[in-house]
Amino acid sequence: MKLHEHQAKELLKRYGLPVPEGRVAFSVEEALQGAEELGEYPLVVKAQVHCGGRGKAGGVKLVRNQEELKQAVEGMLGKVLKTFQCQEGKLVSRVWIEKATNIQKEYYLSITLDRGLSKPVLMTSAEGGMEIEEVAKEKPEAIHMLHIDPALGLMPSQARKVAFKLGLPVNEFVKIALALYRAYMDLDASLVEVNPLVLTKEGNLILLDAKVEIDDNALIRHKDLEQLEDLTQLDPLEVEAKRYSLNYIKLDGNIGCMVNGAGLAMTTMDIIKLAGGEPANFLDVGGGANVEQIANAFRILMADQNVKAVFINIFGGILRCDRLAQGLIEAAKMVQIEVPVVVRMEGTNVEEGRKLLAESGLNFINAEDMWDGAKKAVELASRG
Amino acid sequence: MSILVNKDTKVVVQGITGKEGSFHALQCKAYGTKVVAGVTPGKGGQKVEGIPVFNTVEEALQETSANCSLIFVPPAFAADALVEALDAGIELIVCITEGIPVKDMMQVKDYMKKNYPKAKLIGPNCPGVITPGEAKVGIMPGHIFKRGSIGIVSRSGTLTYEASYQLTRYGLGQSTAVGIGGDPVHGLSHKDVIAMFNQDPETEAILMIGEIGGTAEEEAAEYIKSHVRKPVFAYIAGITAPPGRRMGHAGAIISGGKGTAQAKMDALKGAGVHVIENPAFIGKMVYEFLRT
Chain D
1 MKLHEHQAKE LLKRYGLPVP EGRVAFSVEE ALQGAEELGE YPLVVKAQVH CGGRGKAGGV
61 KLVRNQEELK QAVEGMLGKV LKTFQCQEGK LVSRVWIEKA TNIQKEYYLS ITLDRGLSKP
121 VLMTSAEGGM EIEEVAKEKP EAIHMLHIDP ALGLMPSQAR KVAFKLGLPV NEFVKIALAL
181 YRAYMDLDAS LVEVNPLVLT KEGNLILLDA KVEIDDNALI RHKDLEQLED LTQLDPLEVE
241 AKRYSLNYIK LDGNIGCMVN GAGLAMTTMD IIKLAGGEPA NFLDVGGGAN VEQIANAFRI
301 LMADQNVKAV FINIFGGILR CDRLAQGLIE AAKMVQIEVP VVVRMEGTNV EEGRKLLAES
361 GLNFINAEDM WDGAKKAVEL ASRG
Chain X
385 MSILVNKDTK VVVQGITGKE GSFHALQCKA YGTKVVAGVT PGKGGQKVEG IPVFNTVEEA
445 LQETSANCSL IFVPPAFAAD ALVEALDAGI ELIVCITEGI PVKDMMQVKD YMKKNYPKAK
505 LIGPNCPGVI TPGEAKVGIM PGHIFKRGSI GIVSRSGTLT YEASYQLTRY GLGQSTAVGI
565 GGDPVHGLSH KDVIAMFNQD PETEAILMIG EIGGTAEEEA AEYIKSHVRK PVFAYIAGIT
625 APPGRRMGHA GAIISGGKGT AQAKMDALKG AGVHVIENPA FIGKMVYEFL RT
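Here the protein sequences come in this chain order: D and X.
Its first residue numbered 1, the first sequence is counted upward by one per residue in my numbering.
Its first residue numbered 385, the second sequence is counted upward by one per residue in my numbering.
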């Protein structure tokens, strides 16, 4: 789960990390009020959206007085911000206003999981402000990686070495690195990223930007964090799917798919592409889906206006084919089916499932196997 | 021969009194697996259709000869169950549970590496492992598998079923099929399982099913290049997956340009692996290659 910058900063502040003082605002009035509380200008207005590259896209503005502040906030709130990192854009429903920082030099600092070693890794670089992926590509030697023993935690001597290497104020950096690791573990974060970490002209370190992502699996023990999720940053259909514990991701194509299992769902997208079509979504109904979930899954994928044909690809394991068929029959009562639906079923109770569909009076098209199903769906979508 | 499980495997099911646990314990037993015990704290002394339930794994091991644990404990308590199995001396653990916090798995794996270096973990978030005709330790539908000589290793459950089903339809049976799971921190890797298949005399060819995210497939490719002389086939799911989006599995995400399907396929081709591009033709491709 992604958090906004202001949420990340507010959380990290609790761990003693130095962040610029700021206020969140959902309206111009709140922004003016916040600015008043902060005291003096200049201030920085930052659009709160779940995508990087805001600065270049006009999502970060330095303001010197109330008039400029008002203008900047009005220019952001309610607008869709498109950046090079997210072409489709995200709605700005809130801004963060903070005291401006006098930048001397920018650094990069993050902690994430190194999957290969199954350990957290603290990454630092003197190339702050740049996308770390770009640094990794162009100047991999500029990134310093420090692996952390999960049982021992991050030790001051380890962080100290990094500080000396980067020429950072040692005591301050060690404090920041240790606190950041504490936050990473405590919050069950999958990523804490500070880009840039700034050395100010006054000689202090401050977290100018902050990104925190929480491990979705860990939300079971972080009900407080779960409530921070900003649903305006997600596709409405994805939000709807979540309510029924369905795994749905909207894509750009016109063939809706419904599959059980993440691997097979990705494979179904791939095979649609191989057959010359474009998938409209990723949809995994899971291993143990019930009739209600199947029916809602179908309703959600049909709600996408781009869908011109549907390909249902189910390999019945725990999810039995007869249960899937019942779900489809239920779904047909809930939604008007206006596009052709191709069904490929295999596995547990497949005969019962096929029989149910055949007797339902629904005009579903039967596919022999995955390839047959994909080709039929692509062909039908192109006609529609 | 086969790998990991066979007719001598004796299974203790942790979380046997839960809905999933009891259902699948009985399914495994019906397949012919020796399910000798179950564990649910506080429910010791009960029976699940004749399978004795114990309070602790340790007790289950004193009273029965279990040598493998199958875990269905809910995600919030799964790390604890894993540690209990390790501490009791179990050397093969199959963890089905989906949704275990990554931090928990990171700590358990670290504990396991340091204290029980010989123990093997399959999963979590996996379908388990099956040696057709001998033992099914997991949740896969047993009837789609057939005894034979192809070793299968896969991150995904339903994709394992799909591939096995295709192979079976071409008359190609499986020595063992292992679902290693789709989480970012997990036990046995593609490489580990391929190394076992390489040593197994019954396994004549290997099918690896990977997906986007991480670098496990690339590491397997390195290993195959220098160690494996048996034919290896591979399919990688997710060629159309957009970057930055988690495709169901916690591990299936392309981040920072790493973990793309194309990079994995290139690495595998470079290692002499037969990369299958169309997932509908997995069975056909393996069949045609082995026939000639």
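Glycine included, each C-beta is placed from N, C-alpha and C at the ideal position.
Using 8 Å as the limit for Cβ to Cβ distance, is residue i near chain D?
i      : result
D464/X : no
N662/X : yes
H658/X : no
S540/X : yes
T624/X : yes
H574/X : no
L543/X : yes
P516/X : no
G405/X : no
G632/X : yes
K391/X : no
Q491/X : yes
P501/X : no
E468/X : no
M524/X : yes
T599/X : yes
Could you give the C-beta distance for residue i and residue j, rounded to a whole number, given that I count them as a contact under 8 Å?
i      : j      : result
V73/D  : L91/D  : Wrong, their Cβ atoms sit about 15 Å apart, outside the cutoff.
L38/D  : I97/D  : 7 Å
C699/X : K394/X : The structure shown does not extend to residue 699/X, since chain X is modelled only from 385 to 676, so the question has no answer here.
R323/D : V285/D : Their Cβ separation, rounded to whole angstroms, is 11 Å, which puts R323/D and V285/D out of contact at 8 Å.
N260/D : G287/D : 6 Å
A374/D : I271/D : 4 Å
A503/X : I523/X : Incorrect: roughly 22 Å between the Cβ atoms, too far for contact.
C321/D : G347/D : 6 Å
P150/D : Q430/X : Not quite, the Cβ-Cβ distance comes to about 36 Å (not below 8 Å), so this is no contact.
Give the range of the alpha helix (DSSP H) segment to which residue i is assigned.
i      : result
K668/X : I666 to R675
Q550/X : G541 to R553
A651/X : A645 to G654
S610/X : A600 to H611
R243/D : P236 to R243
Do residue j and residue i have their beta-carbon atoms positioned less than 8 Å apart in this structure?
i      : j      : result
K614/X : I590/X : yes
A462/X : G566/X : no
V198/D : T101/D : yes
A331/D : R354/D : no
E112/D : L191/D : The amino acid at residue 112/D is misidentified as Glu; the sequence shows Thr. Going by C-beta atoms, T112/D is nearer than 8 Å to L191/D.
Q233/D : H50/D  : yes
L572/X : V521/X : no
D584/X : G535/X : yes
A465/X : E442/X : no
G654/X : G597/X : no
Q678/X : V457/X : Coverage of chain X is limited to positions 385 through 676, which leaves residue 678/X absent and any answer about it impossible.
E601/X : I620/X : yes
Is residue i close to chain X, meaning its C-beta is less than 8 Å from at least one C-beta of that chain?
i      : result
I300/D : no
P18/D  : no
G129/D : no
N217/D : yes
I143/D : no
E67/D  : no
P386/D : The requested residue 386/D is not part of the displayed model; chain D covers only 1 to 384.
P169/D : no
T267/D : yes
N260/D : yes
K139/D : no
N195/D : no
D369/D : yes
T124/D : no
F84/D  : no
Can you tell me where the beta strand (DSSP E) with residue i in it begins and where it stops?
i      : result
G256/D : I255 to V259
Y619/X : V616 to A621
D284/D : N281 to D284
M592/X : A589 to E595
L81/D  : V80 to T83
V378/D : V378/D -> not in any beta strand (DSSP E); alpha helix (DSSP H) instead, spanning M370 to R383.
Go through the region 187–230 of chain D residue by residue and report every complete run of the alpha helix (DSSP H) that reaches 4 residues or more, in order. 223–226
Taking only runs of the alpha helix (DSSP H) that begin and end inside the region 398–483 of chain X, which ones reach a length of at least 4 residues, in chain order? 403–415, 441–447 and 459–471
Curious, which full-length beta strand (DSSP E) runs of at least 3 residues does the region 98–128 of chain D contain? 103–114 and 119–125
Output the residue ranges of the alpha helix (DSSP H) runs that lie fully inside the region 293–362 of chain D and measure 4 residues or longer, sorted by chain position. 321–334 and 350–359
Complete beta strand (DSSP E) runs within the region 7–49 of chain D (minimum length 3 residues, chain order): 22–25 and 43–47
Sequence ranges, beta strand (DSSP E) only - wholly within the region 136–163 of chain D, length at least 3: 143–147
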